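K.L.:
First the structure, which I've put down as structure tokens, then a few questions once you've had a look.
See below:
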């Protein structure tokens, strides 16, 4: 208390009884708690500073006016005095500025000390008046202390410094006020009043003038407030963005809210102390909410006022083609206006500064006693009007008369009309205005102490009929912008559209929470006769962006800081520094989807500068204006907005405008065809009429030719434009016509050169320029070859001369060609140009005498298909077939070669080819037809049968032995080798050779049984080893994940010698992907990639791919066992029918196979068994390394998911057969 008592009050008790816990005899002049309430700093009346804890234990006690500077005293190291150092032009003048001889305090100073803490509680500052000594005036000084009470710094002497004090929570400024123009005050004109900033080291670092308050107030030394007002207190919002200035005036108190942007201070709002009578009303306290940065609490002697603010950008939402993109910025007594369609002026600069309120109108109010800045500004959608609204209901209508296009003169010439509040508006606070119609009618949102109401105003009619109102079912709602539609949003987020005429309201949508920024969006239907759809978009203070319609509502994003609607898109920026472009049609369809959990589609995005917010979008200029955190502006042209306008212009036939936009914004000109190819091809005459410049059409054709369109579309477009240009003016557009030929895929160089031939005789000068142009487009050597391929030597010479080719390079060759006959000349030209098929045709036309040269040429260039077509139905056809068959035989296409030889009447060659192809039926067919001797047939049969046996075609080999070699014994041996015992026994019975059973079949059956047993043994051994290795790997995967998943650090192989600061790779090394490794990986050649794939598939022991390799190997083992099962299934019935030895072997083989089948089935089930998840309690303690290991395990694909579990075929063996005797 001021008397010195320290009292505590228990807030939990019903009766609030203060309890005195201590007292200072001299009294307490000032006190302030630290932000965390752990310390309290007090200034006593006996000029002492005391620092105490929350339990009132003294931490520090010392004098309020110490004589030293503090611990942060500046040190002079002899580099020269301040006056001699470089300061720049302004700084030098400031350094040489005359300092006042007398430094004193302001007459408005209350003489009391002030204490203010920094936001983090590490320091606090005290502002106090120094004692009067040696006849000097008392002056104010700021001192900064640490939380331990140590003096850090003392401010420089500041004449006229006043008592108010506030330390910005972010810590960079200590703020106070300074007066000028009196004895002891600052040097300047009388009445000047500045808000000054100091740093923690005591140095002054800026100021701004309170001119908007001080203007019009003359000094009266006999008054309590000599200038008619004084500053009582300063305060900062918790986020350090808003500075409140509490001003006491004779007419009543007022609180000003100031913000800073781009190093300029703006007076954004004034809060008057409300009064029901004509007496001046005073505030008793002003404080900001400690957590909500936009909530301020004010008290008077009779009331408690709580106000919550929000940031809003006043923008014009007019539609093209009259969209000006105007933005209004409040700055005290001025509205800064900038139409971003024509100018980009970053605040505090602007295109026009409009003074408010209009002091020349009879309806204007006294700005000395009432708030200066308006509460709200609204632009009209269909007219260049702006409405400025004050809390009392006073409003001004300004016709801006904005110049939209380029030109001279003022960009704006505003004309303002003023309107006084109507009598029934008394007691209502006007918060928001919303334009309705182009006649100037608008809606006002007004609030009383109990509810909101919406007032509809039409200024063009009589005063008594100008307004009507509709009551709202709540308080502190918000109007929703709707382009002619009016809707009110309740504090719960419910949206009520209001009928303008009747005032009826119906709930038609709802957000999940209150959204200060909201807008009604209307989506035009794709068909003219269909009705348009609408929905609402809202952005909450927490950054959540919603869309809603009816009962449907969706959250689009939860990190949004601004949004706008333009050009068919909902554009919003996020705290991730990304601008999203959501098509309105897609959002409407999203709301129509009843599944609220359906994922959001991917929309086009664009990276933006850190902290960017949307100011406005101008559809006509395809621009989006962003503001950076410091306040500077950036205008971008996002691709979605550009493409939307370009497509609209194409649909409307504004080809010149669309073409200009594409050039300006570097849009691929293929958009003309990709958007609507059929419509564009129909409108090519209009396109050429609007884009008539030759260079522009050449640019368009080049873009089409180099784009990604199909070649047939490119050719169709080029031909259509070429024909239209030839119709209009062939001479003017000759270069464009040549471009149309050249940009085709493939290019039609011959057509372009043919055009030059047509014009050569009539327009020689034009042809010369055209030749130079086409040489510019196409490589000269290619043009030379094309002209040569047209067999026109004059054209060849013309191209060669303009291409500046050396005559020694081409004249001898041309002379040689001229000496040949026509067909051979064309053959030489086509051969030179590597047009081998045409060359062969010309060589055939040269006569029969060049047939041998032609066949040699066909063989050299493998032109067999062309040769067959050329010499079809001629005497030379069989010769061509013969050389074609030889070529196929050399390529080992024996079957095709045999067919060709038969067509060429070469049976011997056909037999050899069929024999190589093992087509034994065709061989013996030709052999019989050619009536070969029996001995020759037998020799051929032996060769073919042996080859068939080598290819394991035992059945075919036995047929050859039986039918053509007449050797049953050899046939039976082949059948036994192929495990075809049934057929072998049939042949023995047919040829009555029972002795061959014991001689060949019985031993062969035992050999086959032994072979199967050997394979079973090999498979057993392989299965055992691979199952054991798999178990080892899986144990290692669980117990030693680093060793199992770890990869070799490739960066360590890129150095020759490790430096002293090199470190060995740790368990964390593999979690960091070095840029050099990524770059090297991206540049890996295809050969290296194939090598890497082979290494992965090799399953080298110890690699991470070994497990996958083993699983694949076991899968192949199952397939191999299936083949052995089939072999045993064919063999067993015969073993059981032969001797007792065979029967014993059959029983043993059956047991071996059944046993291995069981083991293999168990192994497969165990290997492909899913591992059991480990309980959380058994896991190790959570750490970064453990989480990264788990991440790697999730990233690594389980080999069992790559390799499908094999199915084992189960054979059912008939055990009864083995028991028969």
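In our numbering, the protein residues as written are 32 to 1252.
Every residue, glycine too, gets a C-beta built ideally from N, C-alpha and C.
The structure displayed is predicted, hence computed values, not measured ones.
Which same chain residues, not among the five before or five after residue 38, have their C-beta less than 8 Å away from its C-beta?
P.N.:
Cβ within range, chain order: 32, 49, 50, 51 and 52.
K.L.:
Name the DSSP bridge partner or partners of residue 428?
P.N.:
418 and 448
K.L.:
Ignoring anything shorter than 4 residues, give me the alpha helix (DSSP H) runs that lie fully in the stretch 660–738, in order along the chain.
P.N.:
Counting whole runs of 4 or more residues, the stretch 660–738 contains the alpha helix (DSSP H) stretches 670–682, 686–695, 702–706, 708–713, 715–721 and 725–737.
K.L.:
Among 970, 283, 979 and 987, which residue has its Cα nearest to the Cα of residue 996?
P.N.:
For residue 996, the closest of 970, 283, 979 and 987 by C-alpha to C-alpha distance is 970.
K.L.:
Rounded to the nearest angstrom, what separates residue 1025 and residue 968 at their Cα positions?
P.N.:
In a straight line, the C-alpha of residue 1025 is about 28 Å away from that of residue 968.
K.L.:
Which of the three DSSP states, helix, strand or coil, is assigned to residue 528?
P.N.:
strand
K.L.:
Quick check: what's the CA-CA separation for residue 264 versus residue 195?
P.N.:
5 Å
K.L.:
Near residue 613, what residues of its chain come up, given a Cβ to Cβ distance below 6 Å and the 5 sequence neighbours on each side ignored?
P.N.:
601 and 634
K.L.:
Which residues does DSSP list as the beta-bridge partners of residue 292?
P.N.:
295
K.L.:
Checking 9 Å against the spacing of the C-beta atoms, do residue 732 and residue 771 come in under that value?
P.N.:
yes
K.L.:
Which residues in the same chain have their Cβ closer than 7 Å to the Cβ of residue 187, if we skip the five residues on either side of it in sequence?
P.N.:
233, 234 and 235
K.L.:
Could you check how far apart the C-beta atoms of residue 606 and residue 574 are, in whole angstroms? I think they sit under 8 Å.
P.N.:
Residue 606 to residue 574, Cβ: 7 Å. Contact.
K.L.:
Taking residue 137 and residue 191 to be in contact with their CB atoms under 8 Å, please state how far apart those CB atoms are, rounded to whole angstroms.
P.N.:
5 Å
K.L.:
Report the option in 563, 553, 1062 and 544 whose CA atom is closest to the CA atom of residue 576.
P.N.:
544
K.L.:
Look at the alpha carbon of residue 466 and the alpha carbon of residue 281, and state the distance between them as a whole number of angstroms.
P.N.:
37 Å
K.L.:
Using CA coordinates, which residue listed in 443, 588 and 994 is at the minimum distance from residue 367?
P.N.:
443
K.L.:
Contact between the stretch 618–636 and the stretch 650–657: three or more CB pairs below 8 Å?
P.N.:
By the C-beta criterion, the stretch 618–636 is judged not to be in contact with the stretch 650–657, since fewer than 3 inter-stretch pairs fall below 8 Å.
K.L.:
Do the stretch 431–445 and the stretch 455–471 touch if we need at least three Cβ pairs shorter than 8 Å?
P.N.:
no
K.L.:
What is the DSSP secondary structure of residue 820, counted as helix, strand or coil?
P.N.:
helix
K.L.:
Can you tell me whether residue 812 is buried or exposed? The criterion is at least 16 other CB atoms within 10 Å of its CB, across all chains shown.
P.N.:
exposed
K.L.:
Please report the residue range of the beta strand (DSSP E) in which residue 918 lies.
P.N.:
First-last for residue 918: 908–921, but that is the alpha helix (DSSP H), not the beta strand (DSSP E).
K.L.:
If contact is defined by three or more beta carbon pairs under 8 Å, each pair taking one atom from either stretch, is the stretch 529–541 in contact with the stretch 500–510?
P.N.:
yes
K.L.:
Closest by CA to residue 735, which one among 751, 1137 and 723?
P.N.:
751
K.L.:
Could you round the C-beta distance between residue 81 and residue 156 to whole angstroms and report it? I think they count as a contact, below 8 Å.
P.N.:
Contact flag wrong, Cβ pair sits at about 16 Å.
K.L.:
Please name the residue, chosen from 428, 458 and 433, that lies closest to residue 449 on a Cα-to-Cα basis.
P.N.:
428
K.L.:
Taking buried to mean at least 16 other C-beta atoms within 10 Å of its own C-beta, is residue 608 buried or exposed?
P.N.:
exposed
K.L.:
Taking the Cβ atom as the reference point for each residue, do residue 787 and residue 806 lie within a distance shorter than 9 Å?
P.N.:
A distance of 9 Å or more separates the beta carbons of residue 787 and residue 806.
K.L.:
When you compare each of 215, 895 and 203 to residue 267 by their alpha carbons, which one comes out closest?
P.N.:
203
K.L.:
I'd like to know whether the C-beta atoms of residue 855 and residue 873 end up nearer to each other than 9 Å.
P.N.:
Pairing residue 855 with residue 873 gives a Cβ-Cβ distance under 9 Å.
K.L.:
In the DSSP assignment, the beta strand (DSSP E) including residue 319 goes from what residue to what residue?
P.N.:
Element bounds for residue 319: 314–319.
K.L.:
What residue from 488, 963 and 63 has the CA that sits closest to residue 198's CA?
P.N.:
63
K.L.:
Which runs of the alpha helix (DSSP H), 4 residues or longer, sit entirely within the stretch 1138–1214?
P.N.:
1171–1198
K.L.:
Please list the terminal residues of the continuous alpha helix (DSSP H) segment that includes residue 861.
P.N.:
853–863
K.L.:
Please identify the residue among 950, 414 and 590 whose C-alpha is closest to the C-alpha of residue 514.
P.N.:
Residue 514 has its Cα closest to that of 414, out of 950, 414 and 590.
K.L.:
In chain order, what residues of the same chain lie with their CB nearer than 7 Å to the CB of residue 599, ignoring the 5 residues before and after it?
P.N.:
614, 615 and 675
K.L.:
Measuring alpha carbon to alpha carbon, tell me which of 1177, 1167, 1159 and 1153 ends up nearest residue 1238.
P.N.:
Of the candidates 1177, 1167, 1159 and 1153, 1153 places its Cα closest to the Cα of residue 1238.
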